[in-house]
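Asks: If you read the sequence shown in numbering that gives the first Met the number 0, its first letter stands for residue 0, the second for the next number, and so on. Just dropping this structure here.
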Amino acid sequence: MSKSAIANKVSQLYKKILINNCSEYEQQDLQKSAIVFSPHFDDETLGCGGIIFKKKQAGADVKIVFMTDGSKSHKHLISEDELKIIRQNEGVACAQVLGLKQDDVLCLKLEETKLKHLEATAIAQVKQILDQQQPEEIFLPYSREPLLWSEDHLATTRIIKSALQSYTKDAIVYEYPIWFWFHWPWVELFARKEPLRSVILKNTLDYGFGLRLLQDFQCSVYIGDILDNKRAALEQHKSQMTRLLPKPNWSTLGDVSNGDFLNCFFQEHEIFRRYHHQAEGDIEKHY
Ligand SMILES: [Zn+2]
0 MSKSAIANKV SQLYKKILIN NCSEYEQQDL QKSAIVFSPH FDDETLGCGG IIFKKKQAGA
60 DVKIVFMTDG SKSHKHLISE DELKIIRQNE GVACAQVLGL KQDDVLCLKL EETKLKHLEA
120 TAIAQVKQIL DQQQPEEIFL PYSREPLLWS EDHLATTRII KSALQSYTKD AIVYEYPIWF
180 WFHWPWVELF ARKEPLRSVI LKNTLDYGFG LRLLQDFQCS VYIGDILDNK RAALEQHKSQ
240 MTRLLPKPNW STLGDVSNGD FLNCFFQEHE IFRRYHHQAE GDIEKHY
């Protein structure tokens, strides 16, 4: 069963209000240097693939930092060591489609699903990267991602925010949503199976039936003209997009809520929660 007609109407309405409320990402900012911090191999493209592509077209210096090692998503079907290599190669291939060079991709290789236990190590690594690269923009996961399934995302956000406290340059921070979308009206409320049904219901209540969208996201970038490029980049994550082994329990992103979840990332706009980081530490000054 896919989304109901009511859910479609409500999501269309939200999109309309949201885009009116959002300020459009400034064209001249496309040239600003940026680092995109991605908890897993795929979040960078799902949340920011469009803006990364546009920034590279504008000649910006963009780096992607993958926080975890990619070992766990299909560990019941393939060895963790094998999967790590596959996913890292997919991350590089995807970045290249977005316009980056291999050297623009950094992999911290911290153990997937365990990031919250490795925060001190990660903070030290991120501080070093920030000092070396001196980015003008920083992209990180939305700080209010749902707790379930997003522990690495929430840990990534905490790690980057801690590292930013000693970053001595002004920057603009963009938080991008991923598992945020996993609630009604974006996906069907009454999924057939538990525990999916409870997770979607809880997220829907926590996000005020979608109203959180209008409260938190104030910046959007139009990507309707480059959706094919974003799709081509995401396709490089073959282990997430296709069944690498012919096993029905090899789950793909397209399986989540019958494709409704994946569709959230191919809307005509990518949206961000945006604020200013000032060298002296105040990182939540919104504008
Ligand atoms: Zn992720």
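Glycine residues also receive a C-beta, built at the ideal position from the N, C-alpha and C atoms. On a predicted model such as this, the values are computed, not experimentally measured, just so you know.
Put SER219 into one of helix, strand or coil per three-state DSSP.
Replies: Three-state result, SER219: strand.
Asks: Please report the straight-line C-alpha distance between LEU243 and PRO176, rounded to a whole angstrom.
Replies: Taking the straight line from one Cα to the other gives about 27 angstroms.
Asks: So is SER70 buried or exposed if we call it buried at 16+ other beta carbons inside 10 Å?
Replies: Buried.
Asks: I need the DSSP call for TYR166, collapsed to helix, strand or coil.
Replies: Three-state DSSP puts TYR166 in coil, outside helix and strand.
Asks: Check whether the stretch 217 to 235 touches the stretch 198 to 209, taking contact to mean three or more Cβ pairs, one atom from each stretch, closer than 8 angstroms.
Replies: Counting Cβ pairs under 8 angstroms, fewer than three are found: no touch.
Asks: Got a sec? Which residues, its chain only, sit under 8 angstroms from ASN19 by beta carbon, not counting five neighbours each side?
Replies: Same-chain partners within the cutoff: there are none.
Asks: Please state the DSSP three-state secondary structure of SER22.
Replies: Note: SER22 maps to strand in three-state DSSP.
Asks: How about ASP151: is its Cβ closer than 7 angstroms to a heavy atom in ligand 2?
Replies: Looking at this structure, you won't find ligand 2 anywhere; what it does contain is ligand 1.
Asks: Which residues does DSSP pair with SER37 in a beta bridge?
Replies: SER37 pairs with PHE65.
Asks: Do you know offhand how far LEU233's Cα is from PRO247's?
Replies: Approximately 21 angstroms between the Cα atoms of the pair.
Asks: Using a Cβ-based criterion (distance less than 7 angstroms to any ligand heavy atom), does ILE158 qualify as near ligand 1?
Replies: No, Cβ of ILE158 sits at least 7 angstroms from all heavy atoms of ligand 1.
Asks: At a cut of 8 angstroms, does the stretch 39 to 46 reach the stretch 73 to 84 through at least three beta carbon pairs?
Replies: No, the stretch 39 to 46 is not in contact with the stretch 73 to 84.
Asks: Can you round the beta-carbon distance between ILE270 and CYS21 to whole angstroms, since I take them to be within the 8 angstroms contact cut?
Replies: Correct: roughly 7 angstroms between the Cβ atoms.
Asks: Could you tell me which residues DSSP puts in a beta bridge with ILE137?
Replies: For ILE137, which the question treats as bridged, DSSP gives the partners ILE34 and VAL172.
Asks: Would ILE63 and VAL96 be called neighbours here (beta carbons separated by less than 8 angstroms)?
Replies: Cβ distance not < 8 angstroms, so ILE63 and VAL96 don't count as in contact.
Asks: To the nearest angstrom, report how far apart GLY258 and LEU252 are at their CA atoms.
Replies: Their Cα atoms are separated by approximately 7 angstroms.
Asks: Rank LYS15, TYR24, GLN11 and SER10 by C-alpha distance to the C-alpha of ARG272 and give the top, closest one.
Replies: ARG272 has its Cα closest to that of TYR24, out of LYS15, TYR24, GLN11 and SER10.
Asks: Specify the secondary structure class of TYR13 as computed by DSSP and reduced to three states.
Replies: In this structure, TYR13 counts as helix in the three-state DSSP scheme.
Asks: Thinking just about the alpha-carbon of each residue, which of LEU117, ALA94, LEU109 and CYS93 is nearest to the one in GLU79?
Replies: Of the candidates LEU117, ALA94, LEU109 and CYS93, the one whose C-alpha sits nearest the C-alpha of GLU79 is LEU109.
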